[in-house]
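Novice: Structure provided below as structure tokens; questions to follow.
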DNA sequence: TTTGACCTTGTCGTAGCGTCAACGTGTCTA
DNA sequence: TAGACACGTTGACGCTACGACAAGGTCAAA
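Residue numbers (this note's numbering), protein chains in the order written: chain A, 47 to 310; chain B, 47 to 310.
Right under this line is the structure:
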């Protein structure tokens with residue numbers, strides 16, 4: 047047989063056959079006088095073996111190793127390893143489909159609204175009022191949700207669960223509006239203190255204690271002076287704060303103070 | 047933030063961030079005086095979105111398209127398509143694991159012994175006598191099994207099933223030995239005719255009729271002269287025959303004759 | 001003789017970055 | 001003040017398993 051006949055027989059391209067020769071997976075056969083490769087039946091069997099194993103998902107490198115010192119033992123190990131790898135891939139695919147489904151279930155898919163199944167709906171509702179601050183909150187949550195590992199993700203979803211209650215959500219949106227109103231306000235604005243008080247009071251209990259107990263994760267500028275470590279919380283929090291007005295920052299600092307007092 | 051901080055925050059390498067800039071997936075941010083890229087919170091959100099979608103299995107090209115004309119609709123279509131693709135991948139993985147399991151179940155995994163689950167055991171037994179002809183038969187079957195589509199594979203398995211009977215197998219091995227004995231024999235050898243008769247007689251019924259009804263798939267040299275089309279059956283069959291002695295070929299030609307007569 | 005279907009070797013392209021190289025910057029320390 | 005060290009910059013090559021050329025040589029049929 048010539049290379050084209052061999053390739054057609056086994057159902058691959060001639061390029062593939064030559065590639066296998068190049069990699070040493072298949073021995074170069076004898077040449078005819080005109081330089082053409084001349085194949086026999088044994089070559090077809092060898093090629094079919096390589097294809098069979100390659101289609102199972104073995105890399106050509108692994109294949110060469112497995113076929114090199116031949117005789118079962120090595121091949122068996124490789125196949126067991128392959129099976130474990132295929133199992134991992136199946137699991138990864140399963141998770142990916144879950145998350146795709148979560149995204150699709152997340153309804154309107156506005157840019158920015160993506161997260162795990164639980165988060166999707168809440169994130170969607172969070173900013174329907176068109177609030178700037180709510181949008182930022184949603185962005186932060188989306189980002190954290192993307193970054194977090196499954197365990198953290200679950201904790202976040204639990205913390206957000208109170209907002210599935212329409213009443214809680216409505217009150218939150220009212221607070222967002224009052225925060226938005228402080229967009230251009232200066233530090234001493236008289237609306238700051240009452241808003242901070244209401245915010246601290248209406249913060250769901252789980253969320254309040256989560257914040258109070260993890261005060262060291264709060265940006266330095268929001269923390270009560272002299273409290274705890276001054277550890278760098280990552281520059282990105284500063285980037286978030288830089289989009290807020292001084293009055294808005296003051297509100298958050300007062301809320302943190304209150305929570306800190308509540309913890310003691 | 048500088049690029050390293052952004053990358054660390056979202057959990058990717060700086061190379062990845064620059065790659066996304068290069069592809070236009072992420073806008074190039076403003077530069078500082080020293081040429082460093084300066085990122086804000088919005089960039090982190092955008093990067094997280096890209097990562098999130100990329101990890102679901104979208105290609106970066108698809109991603110750019112989906113994010114380009116933004117606003118859900120396009121993205122939704124892409125995600126639906128992705129889900130269908132993931133489903134296909136799951137199915138492909140399932141089949142691959144099945145075939146790996148079949149190979150592992152195929153016991154000793156001598157080089158050459160591979161095929162579907164059903165075939166594995168039969169192929170293994172076929173050549174345990176160390177017969178040259180049996181090895182060739184096994185190789186042909188292995189090759190056909192590798193090439194065949196699932197339907198053909200099932201038909202082959204059905205044809206081979208009689209050999210799961212130890213009695214049939216033992217008789218077949220005896221015939222193989224008699225064929226092997228003709229390795230160096232010349233055409234007129236007196237053992238040819240009786241062997242052909244026994245072979246034709248002991249050929250399992252399903253196999254005999256399968257061959258008789260598909261006579262045009264039999265190599266020209268084995269067919270009764272002047273019968274049917276002279277169509278080229280593929281050079282590989284000639285390659286197989288070239289490894290047989292004239293006496294052995296004569297045996298097969300006589301068997302084919304007999305089957306042909308039986309069909310009429 | 002020409003056409004068309006083969007064959008030959010060699011090179012570039014693919015996806016998503018990792019990993020150099022060769023160099024400039026900014027900060028901390030001796 | 002100089003050196004060390006960690007960061008940033010652009011640019012280029014490497015990886016898989018081939019597909020798709022290019023630029024030619026070979027062979028059988030019309």
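Note that the Cβ used here is the ideal one computed from N, Cα and C, for glycine as well.
#1: According to the Cβ coordinates, are residue 99 of chain A and residue 139 of chain B closer than 8 angstroms?
#2: Taking residue 247 of chain B as the reference, which of B:218, B:82 and B:226 has the closest Cα?
#3: With distances taken from CA atoms, which of B:300, B:298, B:286 and B:303 is nearest residue 90 of chain A?
#4: Does residue 143 of chain B have its Cβ less than 8 angstroms from a Cβ in chain A?
#5: Is there at least one Cβ from chain A nearer than 8 angstroms to residue 209 of chain B's Cβ?
#6: Quick one: grab the DSSP three-state call for residue 4 of chain B.
#7: Can you tell me the Cα-Cα spacing of residue 220 of chain B and residue 149 of chain B, whole angstroms?
#8: With 16 other CB atoms within 10 Å as the buried threshold, where does residue 174 of chain B fall?
#9: Under a three-way DSSP split, which group does residue 145 of chain A fall into?
#10: Who are the near neighbours of residue 298 of chain B in its chain, counting only those whose CB is closer than 7 angstroms to its CB and skipping five residues on each side?
#11: Taking the Cβ atom as the reference point for each residue, do residue 103 of chain B and residue 132 of chain B lie within a distance shorter than 8 angstroms?
#12: Based on the DSSP secondary-structure assignment, which residues constitute the bridge partners of residue 83 of chain A?
#13: Helix, strand or coil for residue 188 of chain A, going by three-state DSSP, please let me know.
#14: Which chain B residues sit within Cβ distance under 7 angstroms of residue 285 of chain A?
#15: Going straight from the alpha carbon of residue 66 of chain B to that of residue 191 of chain A, what length do you get?
#16: In the structure shown, what three-state DSSP assignment does residue 202 of chain B receive?
#17: Any contact of the stretch 79-95 of chain A with the stretch 51-60 of chain A, i.e. 3+ C-beta pairs under 8 angstroms?
#18: Considering residue 299 of chain A, what are the terminal residues of the alpha helix (DSSP H) in which it resides?
#19: Taking CB distances under 8 angstroms as the criterion, tell me whether residue 129 of chain B reaches chain A.
#20: What residues from chain A crowd round residue 43 of chain B, counting only those whose CB sits closer than 8 angstroms?
#21: Counting only C-beta atoms, is residue 107 of chain A closer than 8 angstroms to chain B at any point?
Specialist: Judging by the given coordinates:
#1: no
#2: B:218
#3: B:286
#4: Yes, contact with chain A.
#5: no
#6: As shown, chain B starts at 47 and ends at 310. That puts residue 4 of chain B outside it, with no answer to give.
#7: 28 angstroms
#8: exposed
#9: helix
#10: 268
#11: The answer is yes: Cβ separation under 8 angstroms.
#12: A:77
#13: helix
#14: 47, 86 and 87
#15: 21 angstroms
#16: helix
#17: yes
#18: 292-309
#19: yes
#20: Nothing can be reported for residue 43 of chain B: it is not among the residues displayed for chain B, which extend from 47 to 310.
#21: At least 8 angstroms separates the CB of residue 107 of chain A from every CB of chain B.
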